[in-house]
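Data block below; observations after.
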Amino acid sequence: MITFELAKKLKKVGFPFHAIANGKEAWDGKVFVDEDLQAYALPTLEELIEACTMKADKRSKGNISLYTMWYGQGHFTKCSAIYWRGISKEDALYGTGDTFSEAVAKLWLELNKK
């Protein structure tokens, strides 16, 4: 699941959200309402990956990988989504978050930077 703030950033940059006619659904955690009071379904992980793949294919051929990083004794994990355009880390774009949905959404934002 992505946060409300991340959903607003995606909307601002042009992520293709699906509008919902009935705003009453806005309180179930799967929908966000923008400043115009329009309700949008939050994208699924599959939709986020598809959007990244479509954007990445327009830039150049590359690979998108998902990773979970585990940090020692505290069992703290982070999820990462990485778009590789080459073999070095300088050729990569990253998105990280507490969930894969958040990581992939942040990767989509990176792919859409001007």
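Residues 34 to 147 in our numbering are what the sequence shown spells out, letter by letter.
No residue lacks a Cβ here, since even glycine has one placed at the ideal position from N, Cα and C.
Just so it is clear, the structure is predicted and the values come from calculations on it, not from any experiment.
key: Alpha carbon of isoleucine 97 to alpha carbon of lysine 139, nearest angstrom   = Isoleucine 97 and lysine 139 have their alpha carbons spaced roughly 13 Å apart.
ask   = Over what stretch of residues does the alpha helix (DSSP H) that includes phenylalanine 37 continue unbroken?
value = Per DSSP, the unbroken alpha helix (DSSP H) holding phenylalanine 37 starts and ends at 37 to 46.
ask   = Looking only at C-alpha atoms, which of Tyr127, Phe48, Thr110, Thr101 sits nearest to arginine 118?
value = Per the Cα distances, Tyr127.
query = What separation, rounded to the nearest whole angstrom, lies between the Cα atoms of methionine 102 and phenylalanine 133?
reply = 11 Å
ask   = Which two residues bound the contiguous alpha helix (DSSP H) that contains leucine 140?
value = 133 to 144
task = Let me know the secondary structure DSSP gives threonine 86 once reduced to three states.
result = helix
query = I think leucine 43 touches leucine 144, with their Cβ atoms under 8 Å apart; what is that distance to the nearest whole Å?
reply = Their Cβ separation, rounded to whole angstroms, is 12 Å, which puts leucine 43 and leucine 144 out of contact at 8 Å.
ask   = Where does phenylalanine 37 land, buried or exposed, given buried means 16+ other C-beta within 10 angstroms?
value = exposed
ask   = When the Cα atoms are used, what is the spatial distance from glutamate 83 to leucine 99?
value = 13 Å
query = In terms of residues, what are the limits of the beta strand (DSSP E) holding phenylalanine 65?
reply = 64 to 66
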